[in-house]
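Engineer:
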Amino acid sequence: MAFSIPHEFMIGEVYLPPMLVAAALGLLASLATARLLNRFRLSNYFFYPPLVFIGLMVVYTIIIGALLVPF
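So in the numbering used here, spot 25 of the sequence shown is number 24, and the numbers just go up one at a time.
#1: Is the CB-CB distance between T32 and L66 below 9 Å?
#2: Can you look up F80 in the DSSP assignment and give me helix, strand or coil?
#3: If you pair each beta-carbon of the stretch 17–30 with each one of the stretch 50–64, do three or more pairs fall below 8 Å?
#4: Between which two residues does the alpha helix (DSSP H) containing V13 stretch?
#5: Spatial neighbours of V58 within its chain, please: CB distance less than 6 Å, with the 5 preceding and 5 following residues excluded, ordered by chain position.
#6: Measure the C-alpha to C-alpha separation of Y47 and M18 and round it to an integer number of angstroms.
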């Protein structure tokens with residue numbers, strides 16, 4: 000017996016694609032990581048911190064998308 004997995008997320012009466020939700024969660028996770036890196040002054044060791052932020056956002060979005068988006 001297969002369970003029905005929805006392919007969209009519903010907030011109120013608005014349907015959102017799963018990758019949009021994964022990207023938003025990836026953005027929040029990368030913001031939290033960037034704040035921690037800035038707080039402990041570890042971002043000084045990066046050549047270009049905004050590029051590291053974008054890279055973190057991509058990595059977090061891929062990981063969250065792999066766990067969140069049904070295949």
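Even for Gly, the Cβ is constructed at its ideal location relative to N, Cα and C.
Structural biologist: In short:
#1: no
#2: The structure shown does not extend to residue 80, since the chain is modelled only from 0 to 70, so the question has no answer here.
#3: yes
#4: From DSSP, V13 is part of no alpha helix (DSSP H) but of the beta strand (DSSP E) over V13 to L15.
#5: none
#6: 27 Å
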